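Asks: Counting with UniProt numbering, you get residues 1 to 306 for the letters of the sequence shown.
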Amino acid sequence: MGASIRAWRMRWIDNSQYFPMMLLVPVLIFFLVWNIIPLLWMVGMSFYNYSLVTGNPPKFIGFDNFIDLFNNFTVWGGLSTTFIFVLFSVGIETVLGMILGLLFWGSTSLPGRRLALTLLFSPMILTPAATGTFFRLIYEPTFGVANYLTKSLLGAEINFLGDEVWAMPAVLLVDIWMWTPFMILITLAALGSVPKAELEAAEVDRLPWPKRIWYVVFPHAKFILMLGILLRTIDSFKVMDLVYQLTRGGPGNTTEAIGLTLFRKAFEGFTMGWSAALAVITLLIAIAFTSIYLYILNLRAQRGEG
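1) In chain order, what residues of the same chain lie with their CB nearer than 6 Å to the CB of Leu-191, ignoring the 5 residues before and after it?
2) Comparing alpha-carbon positions, which option in Val-86, Ala-189, Ile-184, Thr-142 lies nearest Met-168?
3) Is Lys-265 buried or exposed, if buried means 16 or more other CB atoms sit within 10 Å of its CB?
4) Please list the terminal residues of the continuous alpha helix (DSSP H) segment that includes Ser-80.
5) Let me know the alpha helix (DSSP H) ranges lying completely inside the segment 159-192, each 4 residues or longer, listed in chain order.
6) Count the C-beta pairs between the segment 252-268 and the segment 202-221 that are closer than 8 Å, then say yes if the count reaches three, no if not.
7) Within its chain, find whatever has a CB closer than 8 Å to the CB of Gly-306; leave out the 5 residues flanking it on each side and keep chain order.
8) One question on the structure: do Ile-292 and Gly-228 come within less than 9 Å of each other, judged by their Cβ atoms?
9) Looking at the structure shown, is Thr-271 part of a helix, part of a strand, or coil, going by DSSP?
10) So which of Leu-154, Trp-274, Arg-303 has the shortest CA-CA distance to Asn-71?
11) Alpha carbon to alpha carbon, what distance is there between Phe-63 and Glu-93?
12) Report the residue from Trp-177, Val-216, Leu-246 whose alpha carbon sits nearest the alpha carbon of Pro-195.
13) Would you check if the distance between the CB atom of Val-90 and the CB atom of Arg-303 is smaller than 9 Å?
14) Can you check whether the CB of Leu-119 is closer than 9 Å to the CB of Leu-100?
15) Where Ile-125 and Leu-246 are concerned, what is the direct C-alpha to C-alpha distance, given to the nearest angstrom?
16) Just the Cα atoms here: how many angstroms apart are Asn-65 and Tyr-48?
17) In the DSSP assignment, the alpha helix (DSSP H) including Pro-57 goes from what residue to what residue?
18) How do the segment 129-140 and the segment 168-181 stand: do at least 3 beta-carbon pairs fall below 8 Å, yes or no?
19) For the putative contact between Val-165 and Leu-242, defined by C-beta atoms under 8 Å, what is the C-beta separation to the nearest angstrom?
20) Which of the three DSSP states is assigned to Asn-49 in this structure?
21) With DSSP as the reference, label Asp-205 as helix, strand or coil.
22) Consult DSSP for Phe-63 and reduce its assignment to one of helix, strand or coil.
23) So, using beta-carbon positions, are Ala-276 and Ile-234 closer together than 9 Å?
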């Protein structure tokens, strides 16, 4: 009896077109509970005036929260700060990651290569909060290493996190230190997709290394590189905890990214409706950018450029 049931079960699994979809049910339930339901709650809450401080029940106000957002200078300042942060962090990380990735890719026989890569990838293991705390001590104006070096080498004391000119570069430097290894990893993965036959042909033809990289390596590797840039852009747009640990958004609002503005309004001001509206706007910006980016990638791939 047991053998016949097992045989029937195996035949049903082999012949059923619904079995693969059934395997996805647990994942879909998890995705529904932890993503879709909170997202719908957030969108719904954005149309209400609801503050945890007053204790009053939520009051439907339509699009008033969104109108207030568009007239709020703090929001526009946070968005501009975020765009500047994303532009410089992702740009510098991409350039450094590609250069270092190419160097490691071309030095497979170098002694200690694996150890160097392991040490290089270690910053990605740390959480942004831990990294921010660590670098806050380095930037400390009284006994920090950074200020000691600038005083010894340049004869000037710089309050890196308290100066409006130096605060953003100081935060950017930490993010670059932390996430350049990710772009190195993406570069190495992209370079691994280059056919060996084409590399050998380029070597036989004695093609110079710059031309070899541009005409042989880059056409095969750039699609993966572009996806890596997309992932870093989305992640950088969400920056909050690193900035919070380093500068708390200061001095003034010079380093206050939109994620930090959202955090303060939601978990310090407890204005849940307004914060939900800001979260919706942020999500729509990210979706719009991702959609346009992927559309361009798909268009280039169809034309045979990617």
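Backbone N, C-alpha and C define an ideal beta-carbon position, used for all residues, glycine too.
As the structure is a computational prediction, the values presented were derived from the model and not from experiment.
Replies: Answer, in terms of the structure:
1) Trp-105, Ala-221
2) Per the Cα distances, Val-86.
3) buried
4) From DSSP, the alpha helix (DSSP H) with Ser-80 extends over 73-105.
5) 167-191
6) Taking 8 Å as the limit for Cβ pairs, the verdict is that the segment 202-221 does not touch the segment 252-268.
7) Bear in mind that a pLDDT of 47 at Gly-306, under 50, signals an unreliable position, so the model cannot answer this.
8) Between Ile-292 and Gly-228, the CB-CB gap reaches or exceeds 9 Å.
9) strand
10) Nearest of Leu-154, Trp-274, Arg-303 to Asn-71, Cα basis: Trp-274.
11) Cα to Cα, the separation comes out at about 39 Å.
12) Val-216
13) no
14) no
15) Cα to Cα, the separation comes out at about 18 Å.
16) Cα-Cα distance, rounded: 8 Å.
17) Run containing Pro-57: none; DSSP gives neither H nor E here.
18) yes
19) Contact doesn't hold; Cβ gap of about 19 Å is too wide.
20) strand
21) coil
22) coil
23) no
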